[in-house]
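The working numbering puts the sequence shown at residues 91 to 275.
All C-beta atoms, glycine included, are put in the ideal place defined by N, C-alpha and C.
Here is the structure we will look at, set down as structure tokens.
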Amino acid sequence: MKKLSRPRSLSLLATGLLTTALVLAMPSAHAQDSIETAPSSESLPSIGSTTATHSAWEGARIEINELKRSATGQYTSLVWTLYNNSKAEIRLNEFKNSVYSYPSGASGNGLVLIDEERGIRFNTYIDSEKGCLCAGADHNVVSFVLRTDPGGRSTYWASYQIPEETKKVTIEIPGFHPVKDVPIS
């Protein structure tokens with residue numbers, strides 16, 4: 091067994107604790123596989139929605155379920171659900187950030203939040219190893235649905251570092267129309 095350096099171990103521990111807290115606080119990404127025991131994404135609120143611009147995904151939509159600042163104000167979590175009503179499968183890696191390369195190669199890091207009033211773009215929060223704190227981090231196939239088949243749905247999350255003076259954002263999602271004026275609670 092490979093021994094990790096202390097900073098890397100602490101980073102992985104912190105990421106694991108944050109992920110565990112977020113998973114316990116919201117429905118599993120596998121809600122469609124265990125509907126009897128976990129709330130479905132149908133029961134999540136919607137504070138905004140958008141439809142696909144990518145022609146192969148025609149009919150797909152994304153519901154923004156939550157955009158919530160932590161009690162300490164250190165991070166803001168975004169919860170979103172992909173409803174794949176298209177004829178093509180949609181993979182989480184298609185939501186990668188096209189501007190920044192995350193060393194972990196994580197998928198789902200391409201959702202960018204924009205404070206239009208102040209002209210600031212927020213990319214997903216990264217840890218000390220420059221890894222994304224978002225669904226699909228390190229392609230953990232046990233914890234995350236990496237493919238949403240036609241007719242399916244998947245719920246994902248991402249974390250951001252957003253100052254308290256930012257009260258609402260526009261959410262840019264690769265292959266979808268922007269979602270404007272999403273309030274941060």
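Asked: Straight-line Cα distance separating residue 172 from residue 184; Found: 12 angstroms
Asked: For residue 201 and residue 152, the rounded distance between their alpha carbons; Found: 12 angstroms
Asked: Nearest-angstrom beta carbon gap, residue 168 and residue 250 [assumed within contact, 8 angstroms]; Found: 7 angstroms
Asked: Separation of residue 259 from residue 274, as counted between CA atoms; Found: 8 angstroms
Asked: Contiguous beta strand (DSSP E) assignments of at least 3 residues, all confined to the stretch 140 to 212; Found: 151 to 159, 166 to 173, 202 to 205, 210 to 212
Asked: Residue 239 versus residue 205: straight-line alpha-carbon distance, rounded; Found: 33 angstroms
Asked: Nearest-angstrom Cα separation, counted from residue 236 out to residue 164; Found: 28 angstroms
Asked: Rounded straight-line distance, which links the Cα of residue 176 to that of residue 166; Found: 30 angstroms
Asked: Beta-carbon proximity list for residue 135, same chain, < 8 angstroms, skipping 5 on both sides; Found: 155, 156
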